[in-house]
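Heads up, the thing below is written out as structure tokens.
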Amino acid sequence: MIRRTALAYALATGALALLTVFAFALGRFPISALELAQLVANKLFGAAYDIAPSAETVVLQVRGPRILAALLVGAALAAAGTAYQGMFRNPLVSPDILGVSAGAALGAVLGIFFSQSALVIQLGAFAGGLAAVGLVYAVGSNVRRHDPILSLILAGIVLGTLLGAMIALLKYLADPYNQLPAITYWLLGSLAAVSPGDLALAAPFALAGLVPLYLLRWRMNLLSLSDDEARALGVPVARLRIAVVCAATLMTAAAVAISGIIGWVGLLIPHAARMLIGPEFSRLLPLSMVLGAAFLLAVDTLARTVAPIEIPPGVLTALIGTPFFLWLFVTARRAWQ
Amino acid sequence: MTRAVLAALLLAAAPALAQREMLDAAGRYVVVPAKVERVYAAGPPASILVYAINPDKLLGWTRALRADEAAFFPDKYARLPELGRLTGRGNTANVEVLLKARPDLVVDVGATAAVFASLADRVQHQTGVPYLLLDGRFEAIPDTLRALGHALGDAAAAERLAEYCERALREVAARVAQVPPEKRPRAYYGRGPQGLQTALGGSINAQVMEFLGARNVAGAARGGLAVVSLEQVLAWDPEVIFTNDPNFYEHVWRDARWGALAAVRAKRVHLAPHLPFGWFDFPPGPNRIIGLYWAGKILYPELFPEDLRAKTAEFYKLFHHRAPSAAQLDQLLGEPGVLPR
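Below is the structure:
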């Protein structure tokens, strides 16, 4: 078991490192390996270099932040998915189960509808995501007579549907020439426009969400027991659940605010990680994050390099993710639980 | 082809009987009443053209005009009701609203593909109101104006507008033809709040650029709108950037990443005027003709010596039936390409 875990970690981090190097070397703007090496030497050791300023801008301001954003979004979605799948004791749960994506989408669509700037659209998405989950939690936890997990999920589905209807209404009313395409592209998700500023805005929130998950990593395993059993072991189930929901929501909302809706990662990656090393949360969380980061980086690198126009990452995550997942599903010896 | 259609139209008109049979741009025979007083426009380009020919016959706009748009029209037309759109993206019309407006004729101007022809047939069958589908392509505007003028019984007014458009298109094409291919600027059209939606080759959004002979950096790929990465824009390094988004236009000067582009450093980013109708791509109506002069002056200043204010005033008087005030001209033309307004 230990050896298997170590192997999985070694392979995943190795793949991530390799992918990151590749991602820096690939792109639509022609930058040679030599130029890249010179730039790295200059930034690390202050060595003299001779490359075009526009190439430097591309690496430091455009390609670099985008790579970091792919890593951040991939890791955040995978971590949130891992936490939720553990908490809800269900492998089919994804980070948007409590409406964070639908809320973020409504926030962003409102921003586009009222012709706001890119920054306001992002803040709208972030706030919308938090507000939606807050609402779902308030509704779900006020239903006394039912299983709390079930009430939460039901509240999430119902509010998600309502938010979806509001988005549909805004799309219908939007100016079909200018706003509708912008809305459509936001909902498709993309990292094409990520700037260093976006990253600086999203990273603190994603980290703030990660810290509680990391601190609670041992207790998370106890959430897979029934509430009564967990309580008998002295776990404050309700408070733990709030902490997990807050953490996962913060991470997902921060990610979605800069990337738009990117599906599959939060559902598929935790599942894949679990098939590789089993459900023990403290080991699962880091591996999920590494795999999520690597997967989204690979997808986004393809999205930005294969054609002059961008390919929506949501399309690629499904195209690449589905066969990969099926392969894992068929070959993995380890089942869920 | 369009000439043949026109000839057919004129022939059909010769005996001034109670009704006329017209061949529309989709090849449909439509029986048009002798007197057309009330016209329902199925989409924005149709409403713009009907309004330009005879504003008193337009029953309403597809969407109620916003205050900033309404300021460009005489009050009684600015207040025309919102009737929704039947056709194209985001159709919002209700057939009962159409019937309640009691139109003599429904007009759509745009693509004439089978899907629109079948929509026209269906609505015509359902409502009993003749439905004319006319060609909305840029180059077809003069002939479409004439056909519409004929249907409305306002051939003289339509002819004046058609001649204006024809002359403008011919004049601009002749000027552009003098420019050798290597002298034609490489241009990028950045849409959306991030400026990263662009118009691919052959798309309706790139028509003004293409008509002006600008080399669309995204033109190698054919299609409609698409998202590109900033890195790709940097790799293209366009000489001129057009945009339709005020937020992007404000932002572009302050973003170090866009600042790596020669076009941004040379202040060659230009926000297309959009009131009351966009000058660059949407809605795809005659509004793009004045956009040709605006963008032409940006691309080839020495070939477009005319005063854009006078040109704009003339165009607006002709097509919107109200000459813009000096303040409105300032609002429209500002100082294109010079730092944030």
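From first to last, the protein sequence lines stand for chains Y and D.
The letter at position 95 of the first sequence is residue 95 when you use this note's numbering, and the numbering goes up by one with no holes.
Every position in the second sequence, counted from 1, becomes a number in this note's numbering once 1000 is added.
Beta carbons are placed, not taken as given, at the ideal position from N, Cα and C, and that holds for glycine.
Source: prediction; values computed, not measured.
Quick one: does residue i have its CB under 8 Å from some CB of chain D?
i	result
Gln61 (chain Y)	yes
Gly314 (chain Y)	no
Val190 (chain Y)	At residue 190 (chain Y) the sequence reads Ser, which differs from the Val that was named. Yes, contact with chain D.
Tyr177 (chain Y)	yes
Thr57 (chain Y)	yes
Tyr185 (chain Y)	yes
Ser32 (chain Y)	no
Ser282 (chain Y)	no
Ala202 (chain Y)	no
Gly260 (chain Y)	no
Can you tell me which of the three DSSP states residue i falls into?
i	result
Arg283 (chain Y)	helix
Val1109 (chain D)	strand
Thr1127 (chain D)	helix
His1251 (chain D)	helix
Gln1178 (chain D)	coil
Trp1279 (chain D)	coil
Thr1243 (chain D)	strand
Val1030 (chain D)	strand
Gly1190 (chain D)	strand
Thr20 (chain Y)	helix
Ala1184 (chain D)	Here residue 1184 (chain D) turns out to be Arg, not Ala, going by the sequence shown. DSSP places Arg1184 (chain D) in coil when its eight states are reduced to three.
Glu1082 (chain D)	strand
Gly321 (chain Y)	helix
Asn178 (chain Y)	coil
Tyr137 (chain Y)	helix
Tyr1040 (chain D)	strand
His1270 (chain D)	strand
Ala1064 (chain D)	coil
Leu1200 (chain D)	coil
Asp1024 (chain D)	coil
Residue i CB to nearest chain Y CB: under 8 Å?
i	result
Gly1201 (chain D)	no
Ala1014 (chain D)	In this predicted model, Ala1014 (chain D) has a pLDDT of only 49, less than 50, meaning its place in the structure is not dependable; the value taken from the coordinates is given anyway. Chain Y, which has no Cβ nearer than 8 Å to the Cβ of Ala1014 (chain D), makes this no.
Val1346 (chain D)	There is simply no residue 1346 (chain D) to check, as chain D begins at 1001 and stops at 1341 in what is shown.
Glu1231 (chain D)	yes
Asn1244 (chain D)	yes
Ala1071 (chain D)	no
Leu1212 (chain D)	no
Phe1116 (chain D)	no
Arg1257 (chain D)	yes
Asn1247 (chain D)	yes
Ala1187 (chain D)	no
Ala1260 (chain D)	yes
His1125 (chain D)	no
Ala1226 (chain D)	yes
Gly1219 (chain D)	no
Gly1136 (chain D)	no
Pro1193 (chain D)	yes
Count the other CB atoms within 10 Å of the CB of residue i; is the residue buried (16 or more) or exposed (fewer)?
i	result
Gly14 (chain Y)	exposed
Asn142 (chain Y)	exposed
Ser32 (chain Y)	exposed
Thr354 (chain Y)	A query on residue 354 (chain Y) cannot be resolved here, the shown segment of chain Y reaching from 1 to 337 and no further.
Trp168 (chain Y)	The sequence shown places Ala at residue 168 (chain Y), not Trp. Answer is exposed; the Cβ neighbour count stays below 16.
His1320 (chain D)	buried
Pro1336 (chain D)	Low confidence applies here, because Pro1336 (chain D) scores a pLDDT of 46, under 50, leaving its location unreliable and the question unanswered by this model.
Gly46 (chain Y)	exposed
Arg1085 (chain D)	buried
Leu34 (chain Y)	exposed
Restricting to Cα atoms, I'd like to know which of the options is closest to residue i.
i	options	result
Gly86 (chain Y)	Y:Ala155, Y:Leu207, Y:Leu223, Y:Ala70	Y:Leu223
Leu1099 (chain D)	D:Lys1076, D:Pro1130, D:Ala1114	D:Pro1130
Ala243 (chain Y)	Y:Gly266, Y:Pro270, Y:Glu229, Y:Tyr214	Y:Tyr214
Ala1078 (chain D)	D:Pro1103, D:Tyr1051, D:Gly1084, D:Val1095	D:Tyr1051
Leu180 (chain Y)	Y:Lys171, Y:Leu187, Y:Leu188	Y:Lys171
Ala1174 (chain D)	D:Leu1086, D:Val1264, D:Gly1296	D:Gly1296
Ser190 (chain Y)	Y:Ile311, Y:Phe22, Y:Leu71	Y:Ile311
Phe1116 (chain D)	D:Ala1327, D:Arg1028, D:Phe1280	D:Arg1028
Leu1132 (chain D)	D:Val1032, D:Leu1318, D:Leu1080	D:Val1032
Gly1043 (chain D)	D:Ala1151, D:Leu1080, D:Val1106	D:Val1106
So residue i and residue j are in contact, right, with Cβ under 8 Å, and what is the actual spacing, rounded?
i	j	result
Gly1195 (chain D)	Phe1248 (chain D)	4 Å
Ala1157 (chain D)	Ile1048 (chain D)	So it is not a contact: roughly 14 Å between Cβ atoms.
Ala247 (chain Y)	Pro212 (chain Y)	4 Å
Ala132 (chain Y)	Ala257 (chain Y)	In fact, because the Cβ distance is near 13 Å, the residues do not count as touching under 8 Å.
Leu19 (chain Y)	Ala192 (chain Y)	At roughly 19 Å, the Cβ-Cβ gap does not stay under 8 Å, so Leu19 (chain Y) and Ala192 (chain Y) are not in contact.
Ala1187 (chain D)	Asn1216 (chain D)	6 Å
Closer than 7 Å to a non-hydrogen atom of the ligand MG - does that hold for the CB of residue i?
i	result
Leu39 (chain Y)	You won't find the ligand MG in this model; it holds no ligand whatsoever.
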